[in-house]
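Number of protein chains: 2
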Amino acid sequence: MPILRKPYLIFLADITVGSDAKTGAGLRDWCGVDVIGECRLPQGTVSLGLPTLRPQEAASAGAGSLVIGVAVVGGQLPRTWLPPLAEALEHGLDVVSGMHTRLTSFPELVAAAARGGGQLVDVRATDRVLPTGTGIKRAGKRVLTVGTDCALGKKYTALALTRALHAAGALATFRATGQTGIMIAGEGIAVDAVVADFVAGAAELLSPANDPDHWDVIEGQGALFHPAYAGVTLGLIHGSQPDAIVLCHDPSRQTIEDFAHIPMPALRVAIDRYLEAARLTNPDVRCAGIAINSSSLGEGDWLAYQSSVAEELSLPVCDPMRTGVDAIAHRLLQPMRRQPE
Amino acid sequence: MPILRKPYLIFLADITVGSDAKTGAGLRDWCGVDVIGECRLPQGTVSLGLPTLRPQEAASAGAGSLVIGVAVVGGQLPRTWLPPLAEALEHGLDVVSGMHTRLTSFPELVAAAARGGGQLVDVRATDRVLPTGTGIKRAGKRVLTVGTDCALGKKYTALALTRALHAAGALATFRATGQTGIMIAGEGIAVDAVVADFVAGAAELLSPANDPDHWDVIEGQGALFHPAYAGVTLGLIHGSQPDAIVLCHDPSRQTIEDFAHIPMPALRVAIDRYLEAARLTNPDVRCAGIAINSSSLGEGDWLAYQSSVAEELSLPVCDPMRTGVDAIAHRLLQPMRRQPE
Numbered sequence: 177m178p179i180l181r182k183p184y185l186i187f188l189a190d191i192t193v194g195s196d197a198k199t200g201a202g203l204r205d206w207c208g209v210d211v212i213g214e215c216r217l218p219q220g221t222v223s224l225g226l227p228t229l230r231p232q233e234a235a236s237a238g239a240g241s242l243v244i245g246v247a248v249v250g251g252q253l254p255r256t257w258l259p260p261l262a263e264a265l266e267h268g269l270d271v272v273s274g275m276h277t278r279l280t281s282f283p284e285l286v287a288a289a290a291r292g293g294g295q296l297v298d299v300r301a302t303d304r305v306l307p308t309g310t311g312i313k314r315a316g317k318r319v320l321t322v323g324t325d326c327a328l329g330k331k332y333t334a335l336a337l338t339r340a341l342h343a344a345g346a347l348a349t350f351r352a353t354g355q356t357g358i359m360i361a362g363e364g365i366a367v368d369a370v371v372a373d374f375v376a377g378a379a380e381l382l383s384p385a386n387d388p389d390h391w392d393v394i395e396g397q398g399a400l401f402h403p404a405y406a407g408v409t410l411g412l413i414h415g416s417q418p419d420a421i422v423l424c425h426d427p428s429r430q431t432i433e434d435f436a437h438i439p440m441p442a443l444r445v446a447i448d449r450y451l452e453a454a455r456l457t458n459p460d461v462r463c464a465g466i467a468i469n470s471s472s473l474g475e476g477d478w479l480a481y482q483s484s485v486a487e488e489l490s491l492p493v494c495d496p497m498r499t500g501v502d503a504i505a506h507r508l509l510q511p512m513r514r515q516p517e
Numbered sequence: 177m178p179i180l181r182k183p184y185l186i187f188l189a190d191i192t193v194g195s196d197a198k199t200g201a202g203l204r205d206w207c208g209v210d211v212i213g214e215c216r217l218p219q220g221t222v223s224l225g226l227p228t229l230r231p232q233e234a235a236s237a238g239a240g241s242l243v244i245g246v247a248v249v250g251g252q253l254p255r256t257w258l259p260p261l262a263e264a265l266e267h268g269l270d271v272v273s274g275m276h277t278r279l280t281s282f283p284e285l286v287a288a289a290a291r292g293g294g295q296l297v298d299v300r301a302t303d304r305v306l307p308t309g310t311g312i313k314r315a316g317k318r319v320l321t322v323g324t325d326c327a328l329g330k331k332y333t334a335l336a337l338t339r340a341l342h343a344a345g346a347l348a349t350f351r352a353t354g355q356t357g358i359m360i361a362g363e364g365i366a367v368d369a370v371v372a373d374f375v376a377g378a379a380e381l382l383s384p385a386n387d388p389d390h391w392d393v394i395e396g397q398g399a400l401f402h403p404a405y406a407g408v409t410l411g412l413i414h415g416s417q418p419d420a421i422v423l424c425h426d427p428s429r430q431t432i433e434d435f436a437h438i439p440m441p442a443l444r445v446a447i448d449r450y451l452e453a454a455r456l457t458n459p460d461v462r463c464a465g466i467a468i469n470s471s472s473l474g475e476g477d478w479l480a481y482q483s484s485v486a487e488e489l490s491l492p493v494c495d496p497m498r499t500g501v502d503a504i505a506h507r508l509l510q511p512m513r514r515q516p517e
């Protein structure tokens with residue numbers, strides 16, 4: 177659970193396609209107050225609309241870290257990116273990466289860090305000795321975002337829900353379980369990168385005992401219906417011992433993404449399976465709402481879909497981008513009722 | 177998936193309690209033809225009834241590896257054990273360990289290995305680059321042992337089932353997923369020690385496509401009802417894509433072992449949950465039988481329990497130690513029928 181040094185300078189490398197800056201855009205949108213600028217290589221054309229600063233300038237302006245704000249296929253870090261990273265380290269900034277390639281595998285970065293005093297922070301790695309899970313109930317409340325599939329808005333929903341809870345006057349903390357989430361929160365554990373025996377234990381560590389009225393809003397990972405990652409999802413559920421889940425879904429997907437032979441579950445089935453799994457460590461878990469990624473639907477289709485799902489499931493149905501998630505936050509803050517099983 | 181060098185010399189260290197030699201006893205019982213002797217420290221009093229040989233003598237007699245055949249609390253390897261391990265390495269034996277402490281963390285062992293040519297083999301570690309799971313159907317048949325809890329006979333049942341299938345004239349291979357199983361098979365992957373994202377992929381690698389009539393008998397790990405390890409279990413299920421499961425159970429347990437707050441599931445519930453999970457990658461999965469660890473029951477109680485469970489579930493109910501598992505093997509070899517759901 178690294179504690180990252182903010183504020184950030186976002187490195188946009190040499191990308192020329194806006195969607196490759198997803199990580200940087202997430203930082204701008206969810207922790208903008210912690211971002212003081214952006215920098216790029218001469219070949220790069222993408223901007224997040226932030227002030228452009230060289231690493232040295234950012235250091236003078238009080239930045240704590242240069243964060244690699246782009247995701248590229250395969251997660252490899254090209255050597256052509258090294259000069260600005262070394263410059264940041266030379267001037268005492270940390271360099272924060274969520275790439276698969278470890279920063280420490282580049283001797284020139286290790287040397288620059290030693291000279292300038294900056295740290296190399298690979299957010300996918302954790303040096304901590306993790307415990308195994310206990311399943312023992314902790315004080316405080318927890319909500320976990322879960323999904324019918326990967327990559328359909330679990331992080332976004334958790335962040336939006338944290339804001340909505342704050343707006344409603346509740347105590348709430350976003351708990352990050354993936355690389356971008358960790359950069360936004362400044363801390364967290366990439367649960368898919370820990371040794372399998374310790375996933376539930378890592379989730380327990382991530383959402384420790386808290387005030388009885390405090391909500392941990394835990395970023396979900398994977399999906400119980402995903403043939404590669406369901407084990408990560410189940411360990412995260414058990415360790416999170418959620419009082420509530422929020423199910424995220426994209427109605428445009430007919431099958432699990434990149435797995436055309438695995439059908440999407442029906443929403444009712446997905447809710448039942450998540451609650452069944454979660455009851456092991458929290459028998460009182462309930463579903464507090466549905467977060468739809470409706471980017472494939474026009475406004476009329478969305479409204480029809482929303483009301484049909486709400487009627488079928490008797491739950492708040494939101495699109496965090498379209499409607500916000502206040503309805504789900506209010507449901508969470510209502511006195512607890514058991515779902516009919 | 178290390179390929180271990182047999183035959184083995186079993187190292188029993190300084191233990192004075194027979195049950196601490198469980199690993200060594202498993203090797204003697206399940207791959208006795210590959211074991212040429214045992215050795216111990218002067219303080220050790222436990223014997224497996226094998227010829228006592230010094231490492232040097234074992235090397236002369238053709239041994240390939242010294243295997244640490246004891247399990248101690250915490251899994252730490254004491255420095256007092258190093259001299260015989262170094263002796264083995266000096267004489268060209270590999271040293272094979274399932275302890276948490278890595279053999280390579282001892283410079284004297286690394287040096288002895290370099291001098292003698294032996295290898296240091298930590299069976300919990302894998303150097304292989306593992307794939308993520310695909311969920312794509314492979315040729316050949318697979319049976320996975322699963323449990324209501326950990327440590328109640330999944331490895332033993334899988335080994336017994338492999339023998340029973342061979343005795344029935346079927347093609348079958350035991351696939352090891354834990355340290356003792358790997359030592360017995362000479363290869364395998366300790367799935368609980370891989371990075372969480374790769375558990376299903378490791379299980380796919382472990383039971384590759386095979387002849388249509390060949391059975392992989394896959395050693396289960398953990399339990400879906402275990403608050404620490406259920407994620408490992410689910411990843412192993414999805415990657416194994418079993419055609420059949422065998423449920424292992426110990427009727428003396430009222431709660432998950434060491435987790436007094438987590439009740440044991442009913443057998444019917446356990447079967448349903450395992451089949452539900454397994455259908456993601458094999459919709460035709462069925463339960464082929466129940467393997468009971470009945471060591472807590474006298475003969476009369478066992479017979480009454482066996483017939484009551486068999487009647488309730490309409491499945492073969494065996495205790496591998498008491499009855500063998502021929503009834504389950506025969507059920508596996510029957511033409512496939514769908515279970516009623």
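Going line by line, the protein sequences match chains Y and G.
Count the first sequence with this note's numbering and you get residues 177 to 517, in order.
Count the second sequence with this note's numbering and you get residues 177 to 517, in order.
Note that the Cβ used here is the ideal one computed from N, Cα and C, for glycine as well.
- Taking a cut-off of 8 Å on C-beta distances, the stretch 324-340 of chain Y does not touch the stretch 457-464 of chain G, as fewer than three cross pairs fall below it.
- A contact between stretches requires three or more CB pairs, one per stretch, nearer than 8 Å, and the stretch 185-199 of chain G meets this requirement with the stretch 218-237 of chain G.
- Sorting G:179, G:374, G:507 by C-alpha distance to the C-alpha of residue 307 of chain G places G:374 at the top.
- Leaving aside the five residues that flank residue 270 of chain G on each side, the residues in its chain whose CB is nearer than 6 Å to its CB run, in chain order, 181, 241, 294, 295, 297.
- Closest option to residue 262 of chain Y, judged by alpha-carbon separation, among Y:247, Y:276, Y:243, Y:249: Y:243.
- By the Cβ-count criterion, residue 179 of chain G is exposed, with fewer than 16 other Cβ atoms from all chains shown falling within 10 Å of its own Cβ.
- Looking at the DSSP output, residue 317 of chain G sits in a beta bridge with G:391.
- Cβ contact annotation for residue 220 of chain G (same chain, cutoff 8 Å, sequence separation greater than five): 188, 189, 190, 191, 192, in chain order.
- Beta-bridge pairing by DSSP links residue 435 of chain Y to Y:432.
- Rounded to the nearest angstrom, the gap between the Cα atoms of residue 385 of chain G and residue 315 of chain G is 5 Å.
- The C-beta distance from residue 200 of chain G to residue 248 of chain G rounds to 13 Å, too long to fall under 8 Å, and the pair is not in contact.
- The beta carbons of residue 391 of chain Y and residue 352 of chain Y sit no closer together than 9 Å.
- Per the coordinates, the alpha-carbon of residue 225 of chain G lies some 53 Å from the alpha-carbon of residue 448 of chain Y.
- Residue 499 of chain G does not reach chain Y, its nearest Cβ partner there being about 32 Å away, counting only Cβ pairs nearer than 7 Å.
- In this structure, residue 458 of chain Y sits near residue 417 of chain Y, with a CB-CB distance shorter than 9 Å.
- At a C-beta separation below 7 Å, residue 410 of chain G has these neighbours in chain Y: 406, 407, 410.
- Against residue 371 of chain G, the close residues of chain Y are 368, 369, 370, 371, 372, in the order they occur along the chain (beta-carbon pairs closer than 9 Å).
- Listed by position along chain Y, the residues whose Cβ is nearer than 7 Å to that of residue 436 of chain G form an empty set, because the closest Cβ is around 10 Å away.
- Selection Y:473, Y:367, Y:401 evaluated against residue 440 of chain Y yields Y:401 as nearest (Cα-Cα).
- In this structure, residue 410 of chain Y sits away from residue 251 of chain G, with a CB-CB distance that is not shorter than 9 Å.
- The Cβ-Cβ distance between residue 369 of chain Y and residue 286 of chain G does not fall below 9 Å.
- Residue contact check for residue 253 of chain G against chain Y: no CB pair falls below 9 Å.
- Under the three-state reduction of DSSP output, residue 465 of chain Y falls in the strand class.
- For residue 184 of chain Y, the enclosing beta strand (DSSP E) begins and ends at 184-187.
- Sorting G:404, G:503, G:425 by C-alpha distance to the C-alpha of residue 321 of chain G places G:425 at the top.
- Taking C-beta separations shorter than 7 Å and ignoring five residues to either side along the sequence, the partners of residue 327 of chain G in its chain run 433, following chain order.
- The criterion of a C-beta distance shorter than 9 Å is not satisfied by residue 194 of chain Y and residue 331 of chain Y.
- Not flagged as an interface residue toward chain G: residue 509 of chain Y, since no C-beta distance is shorter than 9 Å.
- Excluding residues up to 5 positions away in sequence, 262, 265, 266 lie with their Cβ nearer than 7 Å to the Cβ of residue 288 of chain Y in the same chain.
- Put simply, of G:303, G:362, G:420, G:334 the residue whose alpha carbon is nearest the alpha carbon of residue 509 of chain G is G:420.
- If you draw a 10 Å sphere on the C-beta of residue 446 of chain Y, you find 16 or more other C-beta atoms in it, and that means buried.
- Residue-level contact check: residue 304 of chain G does not touch chain Y, since none of the beta carbons of chain Y fall below 9 Å from its beta carbon.
- Non-local beta-carbon contacts of residue 280 of chain Y in its own chain, meaning distances under 8 Å to residues more than five positions away in sequence, involve 286, 296, 298 in chain order.
- Runs of alpha helix (DSSP H) with 4 or more residues, each lying fully within the stretch 252-294 of chain Y, are found at 258-266, 283-292, listed in chain order.
- Contact with chain Y is absent for residue 238 of chain G, since none of that chain's Cβ atoms lies less than 9 Å from the residue's Cβ.
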